[in-house]
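Numbering (the working numbering), first residue to last: -1 to 268.
This report refers to the structure that appears directly beneath it.
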Amino acid sequence: MDIWEPEGVGSSKVEPDPPRSGSALALMARRISQAALDFLYPPACLVCQARTGNGDGLCPSCWGRISFIERPLCERTGVPFERDLGVGVVSPQAAAEPPVYERARAVARYDEGPVRQLVYRLKYGDRTDLARPLGRWMARAGAELVAEADLLVPVPLHRLRLAARRFNQAAILASVVAREGGARVDPFALDRVKATPPQVGLTKAQRAANVQGAFRVPDPARIRVTGRRILLVDDVLTSGSTTNAAARALLRGGAAAVDVLVFARVVTGG
Ligand SMILES: [Zn+2]
-1 MDIWEPEGVG SSKVEPDPPR SGSALALMAR RISQAALDFL YPPACLVCQA RTGNGDGLCP
59 SCWGRISFIE RPLCERTGVP FERDLGVGVV SPQAAAEPPV YERARAVARY DEGPVRQLVY
119 RLKYGDRTDL ARPLGRWMAR AGAELVAEAD LLVPVPLHRL RLAARRFNQA AILASVVARE
179 GGARVDPFAL DRVKATPPQV GLTKAQRAAN VQGAFRVPDP ARIRVTGRRI LLVDDVLTSG
239 STTNAAARAL LRGGAAAVDV LVFARVVTGG
């Protein structure tokens, strides 16, 4: 599988400093490329393009419209609670129908404010530069999970969809989160062996059936997965069917436990 990583996504951190002697040309080249980047992506609000003076930021208006998910929340699913019910409390929904994964965390609610727009642009709008700020927010929202994870694994795309889209947004987000949190990422630990039609418009049962058996840990990756605590990374969690199917495949592949970190999630019930 060919994981495409955009230039500029966290690459500044691993890039060595230019040599101190005879570096005038290199320095000039760097300045020109930085100027080109500023021209392409001037410091502007990620949503409405208003000037912010901060390339990774949102203007106050857009920031205010995002529903960030904060405590108190369900320890399992990460769904926010209206009021604090105490530490370690699990939502009735998660208690009645426990997810395959152990814990899930998300930055924001998918259905409120400009979040859906951000995800859409990252996925289809060739705005892979969005991955850096979104990934940073994810690293913060899931700090505990990232710290405890042995390995970060992005939810894979089927190779046909990957070929059509050219990149896997989950893989790009995972690499940013890994870099921020000092964790390891393995984009080849999980394979999407079934090309599933889009989940839009399906019932929960249909969604689950749709993705059943869609994922598999490839034999060469088993040794890297076995006994590990895996943090599964994706852009969005909706019904949880895809996430559960991927988590189940990792557990079958030998993982000790699977947590989930997404940028946005749909919040239903509680
Ligand atoms: Zn804005």
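We put the beta carbon where it would ideally sit given N, CA and C, even for glycine.
DSSP bridge partner residues for residue i (one or two, in chain order)
i    : result
I228 : L149, V256
R103 : L259
F213 : R190
F165 : Beta-bridge pairing links F165 to no other residue.
R49  : A42
V234 : A262
P78  : L71
V183 : L150
Sub-9 Å separation of residue i and residue j beta-carbons
i    : j    : result
R49  : P41  : yes
A350 : L149 : Within the shown structure, residues of the chain are numbered from -1 to 268, placing residue 350 beyond reach of any answer.
P185 : S173 : yes
I170 : T201 : no
C60  : G111 : yes
A168 : I228 : no
V98  : A203 : no
D232 : P152 : yes
Pick from the options that is closest to residue i, judged by C-alpha positions
i    : options                : result
A255 : R101, G199, G111       : R101
R263 : R103, T126, F213       : R103
A145 : L128, A137, P152       : A137
A193 : V183, A93, A129, L160  : L160
L147 : V234, C72, V175        : First, the residue type needs correcting, since residue 147 is Ala and not Leu in the sequence shown. It is V175.
V105 : A94, A162, P96, V117   : V117
E142 : G76, G55, G252, V234   : G76
F261 : P96, F79, P70, W135    : W135
V183 : R157, H156, R226, R164 : R226
P131 : A94, H156, L56         : L56
G179 : S31, R157, G133, A94   : G133
Residue i to residue j span [Cα, whole Å]
i    : j    : result
P90  : G199 : 26 Å
R119 : A22  : 37 Å
E68  : T224 : 32 Å
V265 : I64  : 14 Å
R250 : R29  : 50 Å
G62  : Y122 : 25 Å
L259 : M26  : 40 Å
T241 : C43  : 30 Å
R74  : P218 : 31 Å
S19  : R177 : Bear in mind that a pLDDT of 48 at S19, under 50, signals an unreliable position, so the number given afterwards is only what the model happens to contain. So the alpha carbons of these two residues sit roughly 30 Å apart.
A206 : V85  : 31 Å
F66  : R107 : 7 Å
S239 : R190 : 14 Å
T276 : I221 : Any question about residue 276 goes unanswered here, given that the chain covers just -1 to 268.
D124 : D109 : 22 Å
C46  : Q115 : 10 Å
F213 : D257 : 16 Å
A245 : P216 : 14 Å
Q197 : A24  : 48 Å
K11  : L128 : Here the model assigns K11 a pLDDT of 39, short of 50, so the residue's position is not dependable and the matter cannot be decided.
N208 : P195 : 8 Å
V96  : V88  : Correcting the residue type first, residue 96 is Pro in the shown sequence and not Val. Approximately 10 Å, taken between the alpha carbons.
Q210 : A247 : 10 Å
F79  : V113 : 20 Å
L71  : A92  : 12 Å
R269 : G252 : With the chain running from -1 to 268 in the structure shown, residue 269 is simply not present.
L158 : S31  : 33 Å
N166 : A94  : 33 Å
CB contact below 9 Å: residue i versus chain B
i    : result
F186 : Among the chains in the structure shown there is no chain B, since it carries only a single protein chain.
Exercise. Can you list the residues near ligand 1, meaning Cβ strictly closer than 6 Å to any non-hydrogen atom, in the order they appear in the chain?
Key: C43, V45, C46, A48, L56, C57, S59, C60
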